[in-house]
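Written out below as structure tokens is the structure these notes cover.
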Amino acid sequence: SRFTQQELPACKPILTPRWVISTFMFVSLVFIPIGVASLFASRDVVEIIDRYETDCIPQDFKNDKVKYIQTPGEKTCNRTLTVPKHMKHPIYVYYQLDNFYQNHR
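Take a look at the structure:
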């Protein structure tokens, strides 16, 4: 059949230099303002990284963190963060876990 012989009709555009240049100009006129807007929006992002894996462990358990985790009782940790610049609403807070995966059971 024509399908198995790959002889079906197809669109074969003729790529002249004028057509290619005008297409690239059109695409650049569309995407350069989007890129500039994204660049200016990314300058307003405030990122604060606060690692506290050792700060909230009592001095007695600094050498054996697993023992501290396994001891019964309340384990709370209060942290104070200083934000260096003004943040607009809405404010999103993200956290990162290392060596802990989505399929962990």
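Under our numbering, think of the first position of the sequence shown as 2, with each following residue one higher. A virtual CB, placed ideally from N, CA and C, is assigned to each residue, including glycine.
In the structure shown, the three-state DSSP call for K86 is coil.
Looking from the CA of Y93, the closest CA among T81, C78, K13, V46 belongs to V46. In this structure D51 is in contact with L82, their Cβ atoms being roughly 6 Å apart against a cut-off of 8 Å.
In the three-state reduction of the DSSP assignment, S23 falls in the helix class, which pools H, G and I. Within its own chain, the residues whose Cβ lies closer than 7 Å to the Cβ of K86, once the five positions on either side in sequence are excluded, are V47, listed in chain order.
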